[in-house]
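Below is one structure; the comments refer to it alone.
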Amino acid sequence: MVFFIDPRQTCIMDDRIVRLEGRRALTQYMLLMSLYRLVFNRWLYGIFCRSLARFFAPGNQVVINVGVDREFRVYLNDGYWTRFLLYHRDYEPEVRRVMDAADGHTDVFCDLGANSGLWSVYGSALFDRVVAVEASRVTFERLQENAAALPNVETHRAAIYNRSGETLRFVNVHNSHASAHLDLSVQSATRDDIEEVETLSIDDVVPTDLAALIKLDVEGAEIAAIKGASRALRDGSVLIYEDHGSEAHSDVSRHVLSLGDMHIYAIEDIATQVTDADHLKRIKTDRYKGYNFLAGRADSKLLAAILENFANDGSGR
Numbered sequence: 041m042v043f044f045i046d047p048r049q050t051c052i053m054d055d056r057i058v059r060l061e062g063r064r065a066l067t068q069y070m071l072l073m074s075l076y077r078l079v080f081n082r083w084l085y086g087i088f089c090r091s092l093a094r095f096f097a098p099g100n101q102v103v104i105n106v107g108v109d110r111e112f113r114v115y116l117n118d119g120y121w122t123r124f125l126l127y128h129r130d131y132e133p134e135v136r137r138v139m140d141a142a143d144g145h146t147d148v149f150c151d152l153g154a155n156s157g158l159w160s161v162y163g164s165a166l167f168d169r170v171v172a173v174e175a176s177r178v179t180f181e182r183l184q185e186n187a188a189a190l191p192n193v194e195t196h197r198a199a200i201y202n203r204s205g206e207t208l209r210f211v212n213v214h215n216s217h218a219s220a221h222l223d224l225s226v227q228s229a230t231r232d233d234i235e236e237v238e239t240l241s242i243d244d245v246v247p248t249d250l251a252a253l254i255k256l257d258v259e260g261a262e263i264a265a266i267k268g269a270s271r272a273l274r275d276g277s278v279l280i281y282e283d284h285g286s287e288a289h290s291d292v293s294r295h296v297l298s299l300g301d302m303h304i305y306a307i308e309d310i311a312t313q314v315t316d317a318d319h320l321k322r323i324k325t326d327r328y329k330g331y332n333f334l335a336g337r338a339d340s341k342l343l344a345a346i347l348e349n350f351a352n353d354g355s356g357r
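Here the numbering used here is used: the first residue of the sequence shown is 41, the next is one more, and so on.
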């Protein structure tokens, strides 16, 4: 049996909430939001979130409106999404701004490493076609659940890599689905769940002769993924990718810069072109933060349109 709670009949202050689903979901939600005010450390919060979930139904969830008349489900046993989307609310605003800036300039958005599909759901209101790819079986099921009512979103369970059709080991990190990754010769913790998944290249995802906006979040396989995007990038596609603050050498951005004809932009506030590795060090000052960057060929019309609209939207001023 599924229980629905109308947030208008409660004291919930988050006006994005459409409904809560599950027995005692409201109680669990309120405890989590109160808990984070006391336990501000993200790792401790994750431990407490999972421990608290033992006392509640595993299907308890909050359904929120992501701002474009689209619904996204957050399970209340999920330490990542309850923290970053429910408590902090404004999740990766720079990604949202780029997607808004690309609206009307491409028909295709590719959400690669889609996780539960937040950006796929948001992008479904902006683009004619959304391609969402996720490797983890359990997370893919949640992606499908979020995309079920969206006819322009197609989902694929695969790992983005430099070639399609290979079979690789995929590591589901036991305490953080957001850290799941391909097993590229790195020994995995014994508690982690290992599964096999087929690979898919970006060039096989993006249609030929079309410039797509590509959100890439593949936890350590970014360079291999970008190597499999040479044709798509030549056709003018644009990447949004993460270069984490803990990565002192910025290997992903260095690889992009080494391609020669690519431009990279930091998009924290205003779009600022990255000139070299030393510039990256000045940008990435927080080792606990994931920094999103925008990249595309210098002659990409889509990149030019995004930069113009990004600068004119007023959000970073």
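Using N, Cα and C, we set each Cβ at its ideal position, and we do this for glycine too. From a predicted model like this one, the values you see are computed outputs, not experimental measurements.
Does residue i pass the burial test, meaning 16 or more other C-beta atoms within 10 Å, or should it be called exposed?
i: Tyr328; result: exposed
i: Cys89; result: buried
i: Gly268; result: buried
i: Glu348; result: exposed
i: Ser74; result: exposed
i: Ser293; result: buried
i: Gln68; result: buried
i: Glu181; result: exposed
i: Ala261; result: buried
i: Ile87; result: exposed
i: Ala175; result: buried
i: Phe44; result: exposed
i: Ala288; result: exposed
i: Asp109; result: exposed
i: Gly119; result: buried
i: Leu273; result: buried
i: Thr312; result: exposed
i: Thr315; result: exposed
i: Leu299; result: exposed
Residues in the same chain with beta-carbon distance under 8 Å from residue i, minus the five sequence neighbours each way, listed in chain order, please.
i: Asn81; result: none
i: Leu126; result: Asp54, Tyr69, Leu72, Met73, Val102, Ile104 and Val114
i: Ser290; result: Asp283, Ala317, Leu320, Lys321 and Lys324
i: Val148; result: Phe167, Asp168, Arg169, Val170, Val171, Val246, Pro247, Leu250, Ala252 and Leu253
i: Leu183; result: Ala154, Asn155, Ser156, Gly157, Ser160, Ala172, Glu174 and Thr195
i: His369; result: Absent from the structure is residue 369, since the part of the chain shown begins at 41 and ends at 357.
i: Asp353; result: Arg137, Asp140 and Ala141
Taking 7 Å as the limit between beta carbons, can you name the residues of its chain near residue i, skipping five residues before and five after?
i: Asp301; result: Arg337 and Ala338
i: Ala189; result: none
i: His295; result: Ile263 and Ile266
i: Ser340; result: Ala251, Gly276 and Val278
i: Glu185; result: Arg113
i: Glu132; result: Asn332
i: Glu134; result: Ile307, Glu308 and Asn332
i: Asp326; result: Gly285
i: Arg77; result: none
i: Pro98; result: Asn117
Between residue i and the rest of its own chain, which residues show a CB-CB distance below 6 Å, the 5 nearest in sequence each way excluded?
i: Ala141; result: Ile346, Asn349 and Phe350
i: Asp54; result: none
i: Leu72; result: Thr122
i: Ser164; result: Val170, Leu190, Asn192 and Val193
i: Ser342; result: According to the sequence displayed, residue 342 carries Leu and not Ser. So the qualifying residues of the chain are His145, Thr146, Ala251, Gly276 and Val278.
i: Arg357; result: With a pLDDT of 36 at Arg357, under the threshold of 50, the predicted position of this residue should be treated as unreliable, and no value is reported.
i: Val258; result: Gly153, Ile200 and Ala265
i: Ala335; result: Leu279, Val296, Met302 and Ile304
i: Ala93; result: Asn117
i: Arg56; result: Ile104 and Asn105
i: Asp143; result: Leu166
i: Ser244; result: As written in the sequence, residue 244 is Asp, which differs from the Ser given in the question. So the qualifying residues of the chain are Ser204.
i: Asp151; result: Trp159, Ser160, Ala172 and Lys255
For residue i, which beta-bridge partners are listed by DSSP?
i: Val103; result: Arg59 and Arg113
i: Phe44; result: Glu61
i: Leu334; result: Ile280 and Tyr305
i: Glu206; result: According to DSSP, which records beta bridges pairwise, Glu206 is partnered with nothing at all.
i: Glu238; result: Thr207
i: Ala351; result: Beta-bridge pairing links Ala351 to no other residue.
i: Ala199; result: Thr239
i: Gln313; result: Tyr305
Contact defined as beta carbons within less than 8 Å: I believe residue i pairs with residue j. What is the distance between those atoms, to the nearest angstrom?
i: Ser241; j: Asn192; result: Their Cβ separation, rounded to whole angstroms, is 22 Å, which puts Ser241 and Asn192 out of contact at 8 Å.
i: Gly330; j: Glu282; result: 5 Å
i: Asn105; j: Gly62; result: With a Cβ gap of about 18 Å, Asn105 and Gly62 do not count as contacting.
i: Ile310; j: Leu279; result: With a Cβ gap of about 19 Å, Ile310 and Leu279 do not count as contacting.
i: Val161; j: Arg197; result: With 8 Å as the limit, Val161 and Arg197 do not qualify as a contact, their Cβ atoms being about 17 Å apart.
i: Leu158; j: Phe112; result: 6 Å
i: Thr179; j: Ala187; result: With a Cβ gap of about 12 Å, Thr179 and Ala187 do not count as contacting.
i: Ile307; j: Val58; result: Not really, about 29 Å apart at Cβ, beyond 8 Å.
Curious, which full-length alpha helix (DSSP H) runs of at least 4 residues does the segment 132-160 contain? Fully enclosed alpha helix (DSSP H) runs of 4 or longer: 133-142.
| said: In chain order, what are the residue ranges of uninterrupted beta strand (DSSP E) at least 3 long that sit wholly in the segment 242-310? | reply: Within the segment 242-310, the complete beta strand (DSSP E) runs of at least 3 residues are 253-256, 278-284 and 302-306.
query: Can you list the beta strand (DSSP E) stretches of 3 or more residues lying completely in the segment 166-195, in chain order?
result: Restricting attention to beta strand (DSSP E) runs no shorter than 3 residues, the segment 166-195 encloses them at 169-174, ordered along the chain.
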